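*Asks:* Residue numbers (the numbering used here), protein chains in the order written: chain A, 6 to 172; chain B, 6 to 172; chain C, 6 to 172; chain D, 6 to 172.
Using N, Cα and C, we set each Cβ at its ideal position, and we do this for glycine too.
Here the structure is a predicted model, which means the values were calculated and not measured.
Number of protein chains: 4
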Amino acid sequence: MINRSTGKLSKTLARLFFISLMCLSSSLVFAEGSVGIDLVQAERALKFAEKEASKMNTKMNIAVVDAGANLVAFIRMDGAFIGSIDIAIKKAKTARLFDMPTDELGALSQPGGDLYNIELSNEGLITFAGGLPIHNSAGEVIGAIGVSGDTVENDKIVAQAGVDAVK
Amino acid sequence: MINRSTGKLSKTLARLFFISLMCLSSSLVFAEGSVGIDLVQAERALKFAEKEASKMNTKMNIAVVDAGANLVAFIRMDGAFIGSIDIAIKKAKTARLFDMPTDELGALSQPGGDLYNIELSNEGLITFAGGLPIHNSAGEVIGAIGVSGDTVENDKIVAQAGVDAVK
Amino acid sequence: MINRSTGKLSKTLARLFFISLMCLSSSLVFAEGSVGIDLVQAERALKFAEKEASKMNTKMNIAVVDAGANLVAFIRMDGAFIGSIDIAIKKAKTARLFDMPTDELGALSQPGGDLYNIELSNEGLITFAGGLPIHNSAGEVIGAIGVSGDTVENDKIVAQAGVDAVK
Amino acid sequence: MINRSTGKLSKTLARLFFISLMCLSSSLVFAEGSVGIDLVQAERALKFAEKEASKMNTKMNIAVVDAGANLVAFIRMDGAFIGSIDIAIKKAKTARLFDMPTDELGALSQPGGDLYNIELSNEGLITFAGGLPIHNSAGEVIGAIGVSGDTVENDKIVAQAGVDAVK
Numbered sequence: 006m007i008n009r010s011t012g013k014l015s016k017t018l019a020r021l022f023f024i025s026l027m028c029l030s031s032s033l034v035f036a037e038g039s040v041g042i043d044l045v046q047a048e049r050a051l052k053f054a055e056k057e058a059s060k061m062n063t064k065m066n067i068a069v070v071d072a073g074a075n076l077v078a079f080i081r082m083d084g085a086f087i088g089s090i091d092i093a094i095k096k097a098k099t100a101r102l103f104d105m106p107t108d109e110l111g112a113l114s115q116p117g118g119d120l121y122n123i124e125l126s127n128e129g130l131i132t133f134a135g136g137l138p139i140h141n142s143a144g145e146v147i148g149a150i151g152v153s154g155d156t157v158e159n160d161k162i163v164a165q166a167g168v169d170a171v172k
Numbered sequence: 006m007i008n009r010s011t012g013k014l015s016k017t018l019a020r021l022f023f024i025s026l027m028c029l030s031s032s033l034v035f036a037e038g039s040v041g042i043d044l045v046q047a048e049r050a051l052k053f054a055e056k057e058a059s060k061m062n063t064k065m066n067i068a069v070v071d072a073g074a075n076l077v078a079f080i081r082m083d084g085a086f087i088g089s090i091d092i093a094i095k096k097a098k099t100a101r102l103f104d105m106p107t108d109e110l111g112a113l114s115q116p117g118g119d120l121y122n123i124e125l126s127n128e129g130l131i132t133f134a135g136g137l138p139i140h141n142s143a144g145e146v147i148g149a150i151g152v153s154g155d156t157v158e159n160d161k162i163v164a165q166a167g168v169d170a171v172k
Numbered sequence: 006m007i008n009r010s011t012g013k014l015s016k017t018l019a020r021l022f023f024i025s026l027m028c029l030s031s032s033l034v035f036a037e038g039s040v041g042i043d044l045v046q047a048e049r050a051l052k053f054a055e056k057e058a059s060k061m062n063t064k065m066n067i068a069v070v071d072a073g074a075n076l077v078a079f080i081r082m083d084g085a086f087i088g089s090i091d092i093a094i095k096k097a098k099t100a101r102l103f104d105m106p107t108d109e110l111g112a113l114s115q116p117g118g119d120l121y122n123i124e125l126s127n128e129g130l131i132t133f134a135g136g137l138p139i140h141n142s143a144g145e146v147i148g149a150i151g152v153s154g155d156t157v158e159n160d161k162i163v164a165q166a167g168v169d170a171v172k
Numbered sequence: 006m007i008n009r010s011t012g013k014l015s016k017t018l019a020r021l022f023f024i025s026l027m028c029l030s031s032s033l034v035f036a037e038g039s040v041g042i043d044l045v046q047a048e049r050a051l052k053f054a055e056k057e058a059s060k061m062n063t064k065m066n067i068a069v070v071d072a073g074a075n076l077v078a079f080i081r082m083d084g085a086f087i088g089s090i091d092i093a094i095k096k097a098k099t100a101r102l103f104d105m106p107t108d109e110l111g112a113l114s115q116p117g118g119d120l121y122n123i124e125l126s127n128e129g130l131i132t133f134a135g136g137l138p139i140h141n142s143a144g145e146v147i148g149a150i151g152v153s154g155d156t157v158e159n160d161k162i163v164a165q166a167g168v169d170a171v172k
């Protein structure tokens, strides 16, 4: 009896374990295309960033890329700079390409700095504030957000609101 | 008599007022960056196109551009082709750049055709099916939608669902 | 006794389960940078593809990209075409961007075909044979290989040798 | 006496023979596509650079180009920055294009410097530390190595390990 019930339990646990593994596996590799952040998370980030921008009475372009630095979702708020479409996307890419806030890179890329003119790599980086990596609860980078449309300080505040929404 | 003519006058004034509002509204929208379709409409188009794709059990990249052919909103459904990010955006741009379905342009761009290799203009067009202009109720082009991720037939069906959502 | 031993067992299983989850999680997300195939697998693919090329007495450029379509490893065999460096890399990217052999895409991109001139997207695709997606044992795409240097038939045979090495 | 002079002659002939082989070898290598460093040497440089990086507990992208500044071999260590793929390759190219360490060029390309914004040439140079030319025993440049993924100081140390491996 002891053995049988223990056996049943371990079988059940093993089965649960296997199912969990499968779920985990698919949720991490993300159905073959999107790697890292998924669309639900990305739209949540956009929504919270947009709310923050509205609260600040400003208009932003907001982009989210996945762990492969490929675009997942994007919005341009009505009246936001057209020139900031490309900047928001490049900020998100830059933050993921180097797994750090874009302005940290920018601090190193100034004339005389260690990474002077790094912006010319990767078909164009944007290294001023407004791009932030997005981490999962385990601390791994799953993507990044890029915001452009106002002062770099405000861009960064709005990007942070997007990051916080995914945590 | 007085009342009737006053009533007519006020009706005329109200009409003029409404028309002025419309003009003002469109001129304001143009002045501020986003021309034509606004973000609410664009997100509505994305949402309906996404629903259609889910119903068809397929995964799409969906992009909406405004009357200036500049990106307003974009989503990549989980597992959709990474290579279709660029194609969806280019389909939307192409549809607005020439105010016609992308495949109508494609019919003219074949070897021997009137517009052979037009794809090389504008930093790259996509001229197969899946890009459609979006009109307002007055029949004016206010933007376009581009869809990529499945057969061109399915891409076009999903794009049409987005167009219909804005009408 | 029954409860205690069962309790211990389930605790142990739970612990194993948690550890496995952690391991799986890190192996799938790949230490934050490389998504999908890792360097050991990529170098194995290169090595087997190179051996196949040597056996066929030909000289190849061979590239492996990860699930984000970003380069992981590359070799150019001595005397292989210099012009094929870019082609091998683009074949690998194309195979991952659309999760199919490059020549399947090429069959659809001919004049009159459904995807005519798709090569102009994504900053340049290569759609003739020699690019193949790489799957893990669960059937998920974890990257792709691209081979260029000989006839497209031979390119594809060498690419297949690389794919087989990762299974 | 006879033996000694015969011995000298054969030694001289052997030396000439060896030198001819070397010349032939290098002219053959040039004739066939890869100029300068060959794949065996390039992989040796990668391997030693990778070992150095592991010893320093860091993750690098490492690229080797030949005397024609064309890519011979590349690896991205698991977890290394995705954005450093392009930078490592550009550092290697830059080091060969001007036959000097990338940071020597960078010292001249600052605002007010003799080569201000030289980075805009050749489809993008990287002029901070981490790119080094590779010489043969005769002191001729046979290629270059580029390393990116950590501080520029560490990038350069790892690049030097690659250079030393080929000597």
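So the alpha helix (DSSP H) B:Ala50 belongs to, where does it begin and stop?
*Replies:* Residues 44 to 60.
*Asks:* Please compile the residues from chain B whose C-beta is within a distance smaller than 8 Å of the C-beta of C:Arg49.
*Replies:* Chain B residues near C:Arg49: none, gap ~24 Å exceeds 8 Å.
*Asks:* Applying a beta-carbon distance threshold of less than 9 Å, which residues of chain C neighbour D:Phe53?
*Replies:* Under the 9 Å cutoff, chain C gives no residues; its nearest Cβ is about 15 Å from D:Phe53.
*Asks:* Taking the C-alpha atoms as reference points, what is the distance between B:Asp108 and D:Gly148?
*Replies:* In a straight line, the C-alpha of B:Asp108 is about 48 Å away from that of D:Gly148.
*Asks:* Mind checking A:Lys64: buried by the 16 CB within 10 Å criterion, or exposed?
*Replies:* With 16 or more other Cβ atoms within 10 Å, it is buried.
*Asks:* Using 9 Å as the threshold, is the C-beta distance between C:Ala166 and C:Lys56 below it?
*Replies:* Yes. Within cutoff.
*Asks:* Is the beta carbon of B:Ala85 less than 9 Å from the beta carbon of B:Gly154?
*Replies:* Taking 9 Å as the Cβ cut-off, B:Ala85 and B:Gly154 qualify as a contacting pair.
*Asks:* Could you name the residues of the same chain whose beta carbon sits closer than 6 Å to that of A:Asp169, not counting the 5 residues immediately before and after it, in chain order?
*Replies:* Nothing meets the Cβ criterion.
*Asks:* What does C:Leu125 touch in chain B if you count any residue whose Cβ is under 8 Å from its own?
*Replies:* Neighbours of C:Leu125 on chain B, chain order: Glu124, Leu125, Gly129, Leu130, Ile131.
*Asks:* Would you say C:Gly117 faces chain B, with C-beta separation under 9 Å as the test?
*Replies:* So, interface residue.
*Asks:* Give the DSSP-derived three-state secondary structure of D:Gly167 in the structure shown.
*Replies:* Note: D:Gly167 maps to helix in three-state DSSP.
*Asks:* From the DSSP output, in three-state form, read off C:Ile177 for me.
*Replies:* Because chain C is modelled from 6 through 172, residue 177 of chain C falls outside the range shown and cannot be assessed.
*Asks:* For A:Val171, which option in A:Thr156, A:Glu145, A:Val157, A:Glu158 has the closest C-alpha, if you only look at C-alpha atoms?
*Replies:* It is A:Glu145 whose Cα lies nearest to the Cα of A:Val171.
*Asks:* Taking just the CA atoms, how far does C:Leu130 sit from A:Ala68?
*Replies:* Cα to Cα, A:Ala68 sits roughly 25 Å from C:Leu130.
*Asks:* According to the neighbour-count rule (16 or more other Cβ atoms, all chains shown, within 10 Å of its Cβ), is B:Glu158 buried or exposed?
*Replies:* Label assigned to B:Glu158: exposed.
*Asks:* Would you report the Cα separation of A:Asp71 and B:Arg81, rounded to the nearest angstrom?
*Replies:* So the alpha carbons of these two residues sit roughly 10 Å apart.
*Asks:* Our contact map puts D:Ala100 next to D:Gly151 with C-beta atoms below 8 Å; I'd like the distance itself, whole angstroms only.
*Replies:* Right, the Cβ-Cβ distance comes to about 6 Å (below 8 Å), so this counts as a contact.
*Asks:* What is the residue span of the beta strand (DSSP E) that A:Ala149 lies within?
*Replies:* Segment 146 to 153, the beta strand (DSSP E) holding A:Ala149.
*Asks:* Just list the residues that DSSP pairs A:Asp71 with in beta bridges.
*Replies:* Partner(s): A:Gly148.
*Asks:* Applying a beta-carbon distance threshold of less than 9 Å, which residues of chain A neighbour B:Arg101?
*Replies:* Residues of chain A passing the Cβ test: none, with the nearest at roughly 14 Å.
*Asks:* Report the residue from B:Asp83, B:Asp119, B:Lys95, B:Val77 whose alpha carbon sits nearest the alpha carbon of B:Arg49.
*Replies:* Minimum Cα distance to B:Arg49 is reached at B:Val77.
*Asks:* Please list the terminal residues of the continuous alpha helix (DSSP H) segment that includes C:Leu102.
*Replies:* 89 to 102 is the extent of the alpha helix (DSSP H) around C:Leu102.
*Asks:* Taking 9 Å as the cut-off, decide whether the C-beta atoms of C:Asn127 and B:Ile92 are in contact.
*Replies:* The answer is yes: Cβ separation under 9 Å.
*Asks:* Against D:Met82, what residues of chain C qualify as contacts under a CB-to-CB distance less than 7 Å, listed in chain order?
*Replies:* Leu44, listed in chain order.
*Asks:* Let me know the secondary structure DSSP gives A:Lys172 once reduced to three states.
*Replies:* Of the three classes helix, strand and coil, the one that applies to A:Lys172 here is coil, per DSSP.
*Asks:* Please state if the CB of A:Phe79 and the CB of B:Phe133 are separated by a distance shorter than 9 Å.
*Replies:* No, Cβ-Cβ distance for B:Phe133 and A:Phe79 is not below 9 Å.
*Asks:* Hey, out of A:Met105, A:Gly73, A:Ser59, A:Pro106, whose CA is closest to A:Asp83's CA?
*Replies:* Nearest option by C-alpha distance: A:Ser59.
*Asks:* Would you say B:Ile87 lies against chain A (beta-carbon separation less than 9 Å)?
*Replies:* By this cut-off, B:Ile87 is an interface position.
*Asks:* Going along chain C, which residues have a C-beta under 8 Å from B:Ile92?
*Replies:* Result: Ile123, Ser126, Asn127.
*Asks:* Is it right to say A:Asp160 is buried, meaning 16 or more other beta carbons lie within 10 angstroms of its own, or is it exposed?
*Replies:* A:Asp160 comes out buried.
*Asks:* So, for C:Leu120: in the same chain, excluding its five sequence neighbours on each side, which residues have a beta-carbon less than 6 Å away from its beta-carbon?
*Replies:* Counting only Cβ-Cβ distances below 6 Å, and skipping sequence neighbours, we find Leu113, Ser114.
*Asks:* I want to see whether chain B comes within less than 9 Å of A:Ala149, judged by CB atoms only; does it?
*Replies:* It does not: the Cβ of A:Ala149 has no partner Cβ on chain B nearer than 9 Å.
*Asks:* With a threshold of 9 Å between beta-carbons, can C:Leu110 be considered close to chain D, or not?
*Replies:* So no, C:Leu110 is outside the interface.
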